[in-house]
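Accompanying notes for the structure given below.
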Amino acid sequence: MVNKSSNNRSVRKTKKILTNNLITLLKKKPINQISVKELTDLCDLNRGTFYLHYKDIYDMIECLENEIIEDLHKILNDCKLNRPLDLLDPLFSYIYENRDLTMVLIGEHGDISFSSKLIEIVKIYCFDTWKKEFKINDDEIYEIYFKFITSGFLGVCDMWHNSSFNIQPHKLAILVDEIISSGILNKNNSIHS
Numbered sequence: 009m010v011n012k013s014s015n016n017r018s019v020r021k022t023k024k025i026l027t028n029n030l031i032t033l034l035k036k037k038p039i040n041q042i043s044v045k046e047l048t049d050l051c052d053l054n055r056g057t058f059y060l061h062y063k064d065i066y067d068m069i070e071c072l073e074n075e076i077i078e079d080l081h082k083i084l085n086d087c088k089l090n091r092p093l094d095l096l097d098p099l100f101s102y103i104y105e106n107r108d109l110t111m112v113l114i115g116e117h118g119d120i121s122f123s124s125k126l127i128e129i130v131k132i133y134c135f136d137t138w139k140k141e142f143k144i145n146d147d148e149i150y151e152i153y154f155k156f157i158t159s160g161f162l163g164v165c166d167m168w169h170n171s172s173f174n175i176q177p178h179k180l181a182i183l184v185d186e187i188i189s190s191g192i193l194n195k196n197n198s199i200h201s
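Everything in the sequence shown is counted per our numbering, starting at 9 for the first residue and increasing by one.
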């Protein structure tokens, strides 16, 4: 009889090997140029082992993205999201702790739609709360603010990645919160004048 916990440990180990090697490949080339054979050769696993867990490379990417999205839902469910810092602090910490995977998925060789999925999660949790916090009653104007904030967030993540994550997550969260808050809270009244 197979020990279930050792089987689970074996599955986790295999998936970790596949993930780490997929990250290595995604740092060099886009998803559509990566084959199962290339990945399994790099992992020193046979393709049958890969197919026990995933249908193809895109399925693997989707599974990894879904795990991240699930993690983010858990994080955001546990946070008060009254101010941007309430979101930014755990979000930057999560990105930092999972930097290799998160950055290849939103990077130049990753899945273009993944950034949109992340922004949609932030929107679900924060849009209405921040709209009240920033006292912006015009939906169209707030949509512009929100788009600017989320695009800036992705730009900061890219800069952070390119600088080898040289700023600690909490410090970066405070800095970005100050930029958002001082810009929106101090300037939004001038738009309505």
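Quick reminder that beta carbons are idealized off the backbone N, C-alpha and C, glycines included.
On a predicted model such as this, the values are computed, not experimentally measured, just so you know.
| query | Using a Cβ-Cβ cut-off of 7 Å (strictly less than) and excluding sequence neighbours within five positions of D119, which residues of its own chain qualify? | reply | I39, I69, E73 and L113
| DSSP state of G118, grouped into three classes? | coil
| Spatial neighbours of K45 in its chain, beta-carbon cut-off 8 Å, leaving aside the 5 residues before and after | R55
| message | Can you give me the C-alpha to C-alpha distance between L162 and F156, rounded to a whole angstrom? | response | Cα atoms of L162 and F156: separation of roughly 10 Å, rounded to the nearest angstrom.
| field | Proximal residues to Y62 (C-beta, below 6 Å), its chain only, five neighbours per side dropped | value | Taken in chain order, the residues that qualify are M68.
| field | Proximity to Y150 [Cα-Cα], best of W138, S159 and G160 | value | W138
| query | If you draw a straight line from the C-alpha of I83 to the C-alpha of W168, how long is it? | reply | 21 Å
| task | Taking only the alpha-carbon atoms, compute the straight-line gap between E128 and T22 and give it to the nearest angstrom. | result | 31 Å
| Where does the unbroken alpha helix (DSSP H) through I103 begin, and where does it stop? | P92 to E105
| Going straight from the alpha carbon of E148 to that of D136, what length do you get? | 13 Å
| request: Assuming D97 contacts H178 (C-beta within less than 8 Å), just tell me the rounded distance between them. | output: 6 Å
| query | What separation, rounded to the nearest whole angstrom, lies between the Cα atoms of Y66 and I42? | reply | 10 Å
| message | What does the alpha-carbon distance come out to for the pair L99 and L80? | response | 8 Å
| Roughly how many angstroms separate the alpha carbons of F154 and I182, rounded to a whole number? | Going by the C-alpha atoms only, they are around 18 Å apart.
| Quick one: is N29 buried, meaning 16 or more other Cβ sit within 10 Å of its Cβ, or exposed? | buried
| task | Measure the beta-carbon distance from L202 to C51 and round it to whole angstroms, keeping in mind my assumption that it falls under 8 Å. | result | No answer is possible for residue 202: it lies beyond the span of the chain, which begins at 9 and ends at 201.
| What is the residue span of the alpha helix (DSSP H) that L30 lies within? | K12 to L34
| message | What does the alpha-carbon distance come out to for the pair K4 and E116? | response | Within the shown structure, residues of the chain are numbered from 9 to 201, placing residue 4 beyond reach of any answer.
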